[in-house]
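For reference, the structure is listed below as structure tokens.
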Amino acid sequence: MMEHHALAALKESIAGSNRIAKIIFDNFEAREMQEIRLNLICLTYDFALGKVLLQYYAKDGDYPDVEVSFSEMNALVCS
Numbered sequence: 002m003m004e005h006h007a008l009a010a011l012k013e014s015i016a017g018s019n020r021i022a023k024i025i026f027d028n029f030e031a032r033e034m035q036e037i038r039l040n041l042i043c044l045t046y047d048f049a050l051g052k053v054l055l056q057y058y059a060k061d062g063d064y065p066d067v068e069v070s071f072s073e074m075n076a077l078v079c080s
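Its first residue numbered 2, the sequence shown is counted upward by one per residue in our numbering.
Right, here's the structure in full:
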């Protein structure tokens with residue numbers, strides 16, 4: 002399954018940055034940003050459904066888009 006490539010790109014983009022993790026977490030509640038662009042990945046929030054779409058910065062079959070719930074996103078950022 003290629004989903005893990007996009008998830009790995011997310012982890013690489015936020016690795017060691019408490020500031021970026023805080024921005025991602027805080028946006029769940031604040032709902033200020035519809036989209037957050039990191040080095041390798043773009044996060045698009047769907048506040049109505051409580052989901053986040055993760056898209057690799059360039060179209061690549063090895064890095065398909067991944068949709069996760071807010072709780073799954075919390076777990077990814079915390080791991």
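Here a beta-carbon is modelled for each residue, glycine too, at the ideal position from N, C-alpha and C.
Distance, SER70 Cα to LYS52 Cα
The residue labelled residue 52 in the question sits at position 51 within the sequence shown. The residue labelled residue 70 in the question sits at position 69 within the sequence shown. Their Cα atoms are separated by approximately 4 Å.
Can you pull the DSSP bridge partners for ARG38?
Translated into the one-based positions of the sequence shown, residue 38 becomes position 37. Note: ARG38 sits in a beta bridge opposite CYS43.
How many angstroms separate the CA atom of GLN35 from the CA atom of THR45?
To locate residue 35, count along the sequence shown from 1; it is residue 34. To locate residue 45, count along the sequence shown from 1; it is residue 44. Going by the C-alpha atoms only, they are around 6 Å apart.
Where GLU73 falls: helix, strand or coil (DSSP)
Sequence index remark: in the sequence shown, residue 73 carries index 72 (1-based). It is helical.
In this structure, how does DSSP classify LEU50 when only helix, strand and coil are distinguished?
Taking the first residue of the sequence shown as position 1, residue 50 is located at position 49. It is coil, neither helix nor strand.
Does the distance from the CB of PHE48 to the CB of ARG38 come in under 7 Å?
The residue labelled residue 48 in the question sits at position 47 within the sequence shown. The residue labelled residue 38 in the question sits at position 37 within the sequence shown. Result no, Cβ atoms of PHE48 and ARG38 do not sit closer than 7 Å.
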